[in-house]
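Visitor: First the structure, which I've put down as structure tokens, then a few questions once you've had a look.
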Amino acid sequence: AQSVTQLDSHVSVSEGTPVLLRCNYSSSYSPSLFWYVQHPNKGLQLLLKYTSAATLVKGINGFEAEFKKSETSFHLTKPSAHMSDAAEYFCAMYSGGGADGLTFGKGTHLIIQP
Amino acid sequence: EAGVVQSPRYKIIEKKQPVAFWCNPISGHNTLYWYRQNLGQGPELLIRYENEEAVDDSQLPKDRFSAERLKGVDSTLKIQPAELGDSAVYLCASSRLAELTDTQYFGPGTRLTVL
Chain P
1 AQSVTQLDSH VSVSEGTPVL LRCNYSSSYS PSLFWYVQHP NKGLQLLLKY
51 TSAATLVKGI NGFEAEFKKS ETSFHLTKPS AHMSDAAEYF CAMYSGGGAD
101 GLTFGKGTHL IIQP
Chain C
115 EAGVVQSPRY KIIEKKQPVA FWCNPISGHN TLYWYRQNLG QGPELLIRYE
165 NEEAVDDSQL PKDRFSAERL KGVDSTLKIQ PAELGDSAVY LCASSRLAEL
215 TDTQYFGPGT RLTVL
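Listed in order, the protein sequences are those of chains P and C.
Heads up, the first sequence stops at 114 in our numbering, and the numbers go up one at a time, no gaps.
Heads up, the second sequence stops at 229 in our numbering, and the numbers go up one at a time, no gaps.
In structure tokens form, the structure reads like this:
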């Protein structure tokens, strides 16, 4: 079965410290993977995506993610958190093989402490 | 460019009432999606359109939900009659290409509360 698991429902970091949001996937095919951010009362915005090119993907606002097939992971990182990064983050997957659409994880709420 | 527009932003209705949501995708985007996002969950696809054709509606509860995309631009999602369990945020997204790896741009959503 195709699935996306976000390992933490909440992550709290201090401003200026690194951010790590974890995502694992399960897919019978070679997946494409996405990270979206959702600020309150706003639509989801794409941060970055992996579609079988370079395994280290750089996105907007200083975020990056690395596709690790051996670990079936696609963790999102940022070297230094900013207050404006506080939001809900969703990992999503298109598993291919005629899948219906994107499969989303349940989300990780990122809290930035001043 | 203007983003995906949805209306209304909020809707409160009593159960068994009908409700409709409207979406205007980004100009030139041929593919349109409707998702439902329950509280504390990620979005789940309800239906996907390529132009005016529904190419994937396997997750749409067809006994009470219907959707249309007239002329391949705007789209309307309807629930009739609404049930308590339909309370959720309904998201519309669009993409330029039909490939599911293409970037989807999301609207702000319609938050539905069924009392």
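Beta carbons are placed, not taken as given, at the ideal position from N, Cα and C, and that holds for glycine.
1) Output the distance between the C-alpha atoms of proline 18 (chain P) and leucine 229 (chain C), rounded to the nearest integer angstrom.
2) Mark tyrosine 149 (chain C) as exposed unless 16 or more other C-beta atoms lie within 10 angstroms of its C-beta, in which case mark it buried.
3) Any chance you could list the beta strand (DSSP E) runs of at least 3 consecutive residues sitting entirely within the segment 153-191 of chain C, in chain order?
4) Under 8 Å Cβ-Cβ, which residues of chain C neighbour tyrosine 94 (chain P)?
5) Compare the C-beta of leucine 226 (chain C) with all C-beta atoms of chain P and state if any pair is closer than 8 Å.
6) Please state the DSSP three-state secondary structure of serine 52 (chain P).
7) So, is aspartate 85 (chain P) buried or exposed, given that buried needs 16 or more other C-beta atoms within 10 angstroms?
8) Counting beta carbon pairs with one atom in the segment 167-174 of chain C and one in the segment 45-63 of chain P, are three or more of them shorter than 8 Å?
9) Classify isoleucine 60 (chain P) as helix, strand or coil using the three-state DSSP reduction.
10) Please report how far the alpha carbon of glycine 107 (chain P) lies from the alpha carbon of leucine 184 (chain C), in whole angstroms.
11) So glycine 156 (chain C) and glycine 43 (chain P) are supposed to be a Cβ contact under 8 Å. How far apart are they, rounded?
12) Are the C-beta of valine 119 (chain C) and some C-beta of chain P separated by less than 8 Å?
13) How close, in whole Å, do the beta carbons of cysteine 206 (chain C) and leucine 146 (chain C) come, if the pair is a contact with beta carbons under 8 Å?
14) Using a Cβ-Cβ cut-off of 8 Å, state whether proline 139 (chain C) counts as contacting chain P.
15) Would the beta-carbon of alanine 1 (chain P) fall within 8 Å of that of serine 26 (chain P)?
16) Against chain P, which members of the segment 134-162 of chain C pass a CB distance test of less than 8 Å?
17) To which residues of the same chain is glutamate 182 (chain C) closer than 6 Å at the C-beta, ignoring the five residues directly before and after it?
18) For asparagine 41 (chain P), return the contacting residues in chain C, with the cut-off set at a CB-CB distance below 7 Å.
19) State the Cα-Cα distance for the pair asparagine 165 (chain C) and serine 14 (chain P), rounded to the nearest angstrom.
20) Measuring straight from C-alpha to C-alpha, what distance separates glutamine 131 (chain C) and valine 203 (chain C)?
Guide: With the structure as the only source:
1) 43 Å
2) buried
3) 158-164, 167-170 and 179-182
4) Leu214 and Thr215
5) no
6) coil
7) buried
8) no
9) Isoleucine 60 (chain P): helix per DSSP, three-state reduction.
10) 33 Å
11) Incorrect: roughly 14 Å between the Cβ atoms, too far for contact.
12) Answer no: the Cβ-Cβ gap between valine 119 (chain C) and chain P never drops below 8 Å.
13) 7 Å
14) no
15) Yes.
16) Tyr147, Gly154, Gln155, Gly156, Pro157, Glu158, Leu159 and Arg162
17) Counting only residues of its own chain and dropping the five nearest sequence neighbours on each side, glutamate 182 (chain C) has a CB closer than 6 Å to the CB of Thr190.
18) Pro222
19) 46 Å
20) 17 Å
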